[in-house]
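Protein chains in written order, with UniProt numbering: chain C, 1 to 235; chain S, 1 to 286.
Working notes, structure below.
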């Protein structure tokens, strides 16, 4: 087990958002976490990456308890969170953004091979490397955000709402790239409102609604299930 | 005549720029309007005064001390005080900065009395002429050149070092900076240290050119504020442009209307900028 979340309660002050959540990501898996807007997906990600502390519960990464570890240590341990809305550094160039992605590793390692690998995955970013990140198109910004995440050579890449606001053809490209990243050994937790997209491109899936886990199972089975079809796919 | 006025204005404007650089950095990165900024300038000025008066250290040399001492003070204040409330509303940090200002000013009053003092260096009055019309006081020119040196170092730190990258990333997107592993609390402390260190440098240069006293800070905070607003937040160029603009405008105004109007002129400019270009001359650009 790469990532394990046990009985997690979390929220903002008095407003509890997550209720006893359990979730697992195995090595080299792509796991989908789906649910509608406001289900608590982004809150869960903030807790995993250390931006928020949970009320109760435990987060294990490679057998180690990281529940109260600060974000900078979590990055070093190998979890990278690509946040909703890309969140690039808009005044920095594409390449500066990528270099920032390796912030925690730069002192001990040469990052040029990483940079070359990322440019090979995203040739478009190489063309735009000296352009300000804020001036990129939405799709390019998402590429840059994923690429920045890859720069720290994560074992688990968490991507929040990758498809939001992007044209379907661009989303298809990104999905292919994610599969390529996964085939090289990085596990991915894909957090999506687009249930169809997430479940048809993952091994295992979790469905959350109002902060609680309502279903889980192999993605193919979830896609076939009557509840999912009715509640999320409008069939 | 006009050339002389413009040169006087530019020389003073350089000092304004340095004063505002620290304030702009702290404001831009942490959204703190540092009301105590002028008090830190005052502490820098007194550092130089005492090192000169008691130990005979040349004021320009004491720059190293005022920058380092004020850097440490700034780092400590951010780490042990402001960081504790940094997530509260901007109003709370404003009040804290206000409290720090009152504390520093009154501690200085108790320690050093309200006397107005002057750093009297032997070369203070020397000057040289360019052509027949322009006279340049040597200390002012030297101070201006030091502003350029310090500004360049600042620019280098912000754009070419890891610290600079942490500062810029934190300023541009706080969450994203944390997610790539930037230690935000430490970055904040170092940023405040840098900003206050720059105030210390400005204090040293101020003490060489003008009389100093424990209550000198208030008007300097306001001037720094005006310069930041005129230039616009978000780049190093803003304070420089704002400082030079204010320096030249004040020089012209006090020549033509009398020096009592100096402050009236700065704040008229502030109001005009707020009406015409609320984001400053460079606002919105980068």
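Virtual Cβ for every residue (Gly too), placed ideally from N, Cα, C.
Q | Residues near residue 111/C in its chain [Cβ-Cβ closer than 8 Å; skip 5 each side] | A | 99, 102, 105 and 151
Q) Which whole-angstrom value describes the C-beta separation of residue 201/S and residue 66/S, a residue pair presumed to lie in contact below a C-beta threshold of 8 Å? A) 6 Å
Q. Beta-carbon of residue 181/S versus every beta-carbon of chain C: anything under 8 Å?
A. yes
Q) Are residue 77/C and residue 187/C close, meaning C-beta to C-beta below 8 Å? A) no
Q: Closer than 8 Å by C-beta to residue 118/C: which residues in its own chain qualify, once you throw out the five before and the five after it? Chain order, please.
A: 98, 125, 147, 150 and 151
Q.
Taking the straight line between their C-alpha atoms, what separation do you get for residue 76/S and residue 97/S?
A. 14 Å
(Q) Quick check on DSSP: helix, strand or coil for residue 76/S? (A) helix
Q. Just the Cα atoms here: how many angstroms apart are residue 184/C and residue 154/C?
A. 11 Å
**Q.** the region 73-94 of chain C: positions lying closer than 9 Å to chain S by Cβ
**A.** 73, 74, 75, 76, 80, 81, 82, 83, 86, 87, 88, 89, 90, 91 and 92
Q: Put residue 265/S into one of helix, strand or coil per three-state DSSP.
A: helix
**Q.** Boundaries (first-last residue) of the alpha helix (DSSP H) holding residue 95/C
**A.** 94-101
(Q) Determine whether the beta carbon atoms of residue 108/S and residue 192/S lie at a separation below 8 Å. (A) no
Q: With DSSP as the reference, label residue 169/C as helix, strand or coil.
A: helix
Q. Which partner residues of residue 31/C appear in the DSSP bridge assignment?
A. 189/C and 204/C
Q) When you compare only the Cα positions, how much space is there between residue 208/C and residue 273/S? A) 51 Å
Q: Tell me whether residue 234/C is buried or exposed, calling it buried when 16 or more other Cβ atoms sit within 10 Å of its Cβ.
A: exposed
Q: Scan the region 73-158 of chain S and note each continuous beta strand (DSSP E) run of 3 residues or more that stays entirely inside, going in chain order.
A: 127-130 and 134-137
Q) Who are the neighbours of residue 100/C on chain S, taking C-beta pairs under 7 Å? A) 165, 169 and 180
Q) So, do the region 192-200 of chain C and the region 29-39 of chain C have three or more beta carbon pairs nearer to each other than 8 Å? A) yes
Q) With 16 other CB atoms within 10 Å as the buried threshold, where does residue 115/S fall? A) exposed
Q. Skipping 5 residues on each side, what residues in its chain have a beta carbon closer than 6 Å to that of residue 20/C?
A. 7
Q. From which residue to which residue does the beta strand (DSSP E) around residue 20/C run?
A. 15-25
Q: Spell out whether any CB of chain C is found under 8 Å from the CB atom of residue 176/S.
A: yes
Q: Check whether the Cβ atoms of residue 59/S and residue 207/S sit closer than 8 Å, and answer yes or no.
A: yes
Q: Could you list the residues in the region 50-72 of chain C with a C-beta less than 7 Å from some C-beta on chain S, going in chain order?
A: 51, 71 and 72
Q) Exposed or buried, what is residue 168/S when buried is set at 16 or more other beta-carbons lying within 10 Å of its beta-carbon? A) buried
Q: Could you tell me which of 216/C, 115/C and 71/C sits nearest to residue 82/C, measuring between CA atoms?
A: 71/C
Q: Check whether the region 100-107 of chain S touches the region 204-220 of chain C, counting contact only when three or more Cβ pairs, one atom from each stretch, lie closer than 8 Å.
A: no
Q) With C-beta atoms as the reference, is residue 11/S less than 8 Å away from residue 160/S? A) no
Q. Going straight from the alpha carbon of residue 163/C to that of residue 145/C, what length do you get?
A. 13 Å
Q.
For a test of the three-state rule: what should DSSP assign to residue 109/C, helix, strand or coil?
A. coil
Q: Taking the CB atoms as reference points, tell me whether residue 236/C and residue 232/C lie closer together than 8 Å.
A: Any property of residue 236/C remains undetermined from this structure, which presents chain C solely from 1 to 235.
Q: Taking all protein chains shown into account, decide if residue 105/S is buried (16 or more other Cβ within 10 angstroms of its Cβ) or exposed.
A: buried
Q: Under 8 Å between beta-carbons, which chain C residues line up against residue 173/S? List them in chain order, please.
A: 87, 88, 89 and 90
Q: Label residue 250/S either buried or exposed according to how many other C-beta atoms from any shown protein chain fall within 10 Å of its C-beta, with 16 as the threshold for buried.
A: buried
Q: Return the first residue and the last residue of the beta strand (DSSP E) that residue 79/C is part of.
A: 79-82
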